[in-house]
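Down below is the structure, laid out as structure tokens.
Shown next as structure tokens:
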């Protein structure tokens, strides 16, 4: 077997992931059969599964890459930037996550693996610490409540997108920004 | 054919809907095959489809009943009560809605029918008008922004529930309540 360069391996992986993402978005997770994956990727199943051992491995690799991208946006540009990114995502691809939720509910092994994957959540925790230190986010509400609130909003945006609902994200984001701002006994009775 | 009483018809419909809900929750929308529906409902497909013409009709009847229940809670007891109801819903049943979203995205006829069904949304609009008149909800943000915000939060709760994430709903609801309260230049610089 010829020795392949690192660049070649990387290019192949990118080709496989791009094709798999298109295939999942088009046919759904369950509907992305091996022949459809082969066609969309342009490689035989032997070549594909040489890089990723299973369809689940392919999906996990894509989910990990999304997760890292979203974490980076949140950590570097803030919550509002992430809300805008999600409002622009391909609804068909977001829909694959919804379908995947069913696997999470019904397959304990998949659920365990999914949970063990979540390692870099502290990146957006760093964002909150920094915003608080700068006095831009209130400190009178526990961190976990703020994150529960923000995660719920992001999940809601995902769900609306996949249902084809256009959410006008800017006014909603403005309301969230205000809810997070530090306050000094400012509420009317 | 014997004449059947209205009570009998109602009882039969309830039996069919209850069984169908259990069957959908257990096997998912796609997985709820006719034999499984027959078994869970305890009636032959002839009897079932005498009342509801198709699996889609069954699902729509259940979704309509949920929708009316949720609208009633929102209109009569407010947004917070509805958030608590959703936080208590069966995750398996909520998951059926996620699966159904894929049909909404991929089948224009289903999407049209789903949209035409939404008629009683003005019930929770009435709740907002009443809360504003009583001075309990701010009037400086457009109604549609408030509803986009609240619907996004509810959708996010649904998604978290179906993923098996436990959301501690009370602190989140308290944050939302505060975000909706009327204010008088109360934010710090």
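Protein chains in written order, with this note's numbering: chain A, 2 to 190; chain B, 2 to 190. Built from N, CA and C at the ideal position, the CB exists for glycine as well.
As assigned by DSSP and simplified to three states, the class of residue i
{"i": "residue 139 of chain B", "result": "coil"}
{"i": "residue 189 of chain A", "result": "Bear in mind that a pLDDT of 45 at residue 189 of chain A, under 50, signals an unreliable position, so the number given afterwards is only what the model happens to contain. It is coil, neither helix nor strand."}
{"i": "residue 179 of chain A", "result": "helix"}
{"i": "residue 174 of chain B", "result": "helix"}
Among the options, nearest to residue i - alpha-carbon criterion
{"i": "residue 61 of chain B", "options": "B:77, B:147, B:36, B:104", "result": "B:104"}
{"i": "residue 108 of chain B", "options": "A:93, A:44, A:99", "result": "A:93"}
{"i": "residue 155 of chain B", "options": "B:124, B:86, B:129, B:59", "result": "B:86"}
{"i": "residue 137 of chain A", "options": "A:179, A:91, A:18, A:150", "result": "A:179"}
{"i": "residue 98 of chain B", "options": "B:63, B:82, B:150", "result": "B:63"}
{"i": "residue 175 of chain B", "options": "A:168, A:176, A:142, A:43", "result": "A:142"}
{"i": "residue 51 of chain B", "options": "B:13, B:160, B:144, B:139", "result": "B:13"}
{"i": "residue 173 of chain A", "options": "A:44, A:152, A:81, A:184", "result": "A:81"}
{"i": "residue 32 of chain B", "options": "B:101, B:69, B:160", "result": "B:101"}
{"i": "residue 149 of chain B", "options": "A:160, A:147, A:146, A:16", "result": "A:160"}
{"i": "residue 53 of chain B", "options": "B:84, B:89, B:69, B:11", "result": "B:11"}
{"i": "residue 49 of chain A", "options": "A:145, A:157, A:68, A:15", "result": "A:15"}
{"i": "residue 89 of chain B", "options": "B:168, B:8, B:55", "result": "B:168"}
{"i": "residue 68 of chain B", "options": "B:115, B:147, B:166", "result": "B:115"}
{"i": "residue 146 of chain A", "options": "B:8, B:70, B:177", "result": "B:177"}
{"i": "residue 166 of chain B", "options": "A:166, A:165, A:152", "result": "A:152"}
Own chain residues within Cβ distance below 8 Å of residue i, not counting five before or after
{"i": "residue 113 of chain A", "result": "none"}
{"i": "residue 244 of chain B", "result": "Missing from the structure shown is residue 244 of chain B; chain B here goes from 2 to 190 and no further."}
{"i": "residue 18 of chain A", "result": "59, 62, 63, 66"}
{"i": "residue 91 of chain A", "result": "26"}
{"i": "residue 106 of chain A", "result": "112"}
{"i": "residue 1 of chain A", "result": "Chain A is shown from 2 up to 190; residue 1 of chain A falls before or after that span and cannot be answered."}
{"i": "residue 158 of chain B", "result": "84, 87, 88, 168, 170"}
{"i": "residue 110 of chain A", "result": "none"}
{"i": "residue 8 of chain A", "result": "none"}
{"i": "residue 43 of chain B", "result": "16, 20"}
Other residues of its chain near residue i: CB distance less than 6 Å, five sequence neighbours each side excluded
{"i": "residue 96 of chain B", "result": "163"}
{"i": "residue 46 of chain A", "result": "35, 39"}
{"i": "residue 30 of chain A", "result": "97, 100, 101"}
{"i": "residue 6 of chain A", "result": "none"}
{"i": "residue 1 of chain A", "result": "One cannot answer for residue 1 of chain A here, as it falls past the ends of chain A, which runs 2 to 190."}
{"i": "residue 57 of chain B", "result": "none"}
N-terminal and C-terminal residue of the alpha helix (DSSP H) that residue i is part of
{"i": "residue 20 of chain A", "result": "7–32"}
{"i": "residue 66 of chain B", "result": "56–78"}
{"i": "residue 96 of chain A", "result": "92–107"}
{"i": "residue 44 of chain A", "result": "Segment: none, residue 44 of chain A is in no alpha helix (DSSP H) and carries neither H nor E."}
{"i": "residue 166 of chain A", "result": "Unbroken run through residue 166 of chain A: none, as it is neither H nor E."}
Proximal residues to residue i (C-beta, below 7 Å), its chain only, five neighbours per side dropped
{"i": "residue 41 of chain B", "result": "20, 23, 24"}
{"i": "residue 139 of chain A", "result": "181, 182, 183, 184"}
{"i": "residue 28 of chain A", "result": "37"}
{"i": "residue 117 of chain A", "result": "none"}
Proximal residues of chain D, C-beta to C-beta of residue i below 8 Å
{"i": "residue 111 of chain B", "result": "Among the protein chains of the structure shown, namely A and B, there is no chain D."}
Notebook entry, point to check: Taking contact to mean at least 3 C-beta pairs separated by less than 8 Å, is the stretch 74–84 of chain B in contact with the stretch 123–135 of chain B?
Noted result: yes
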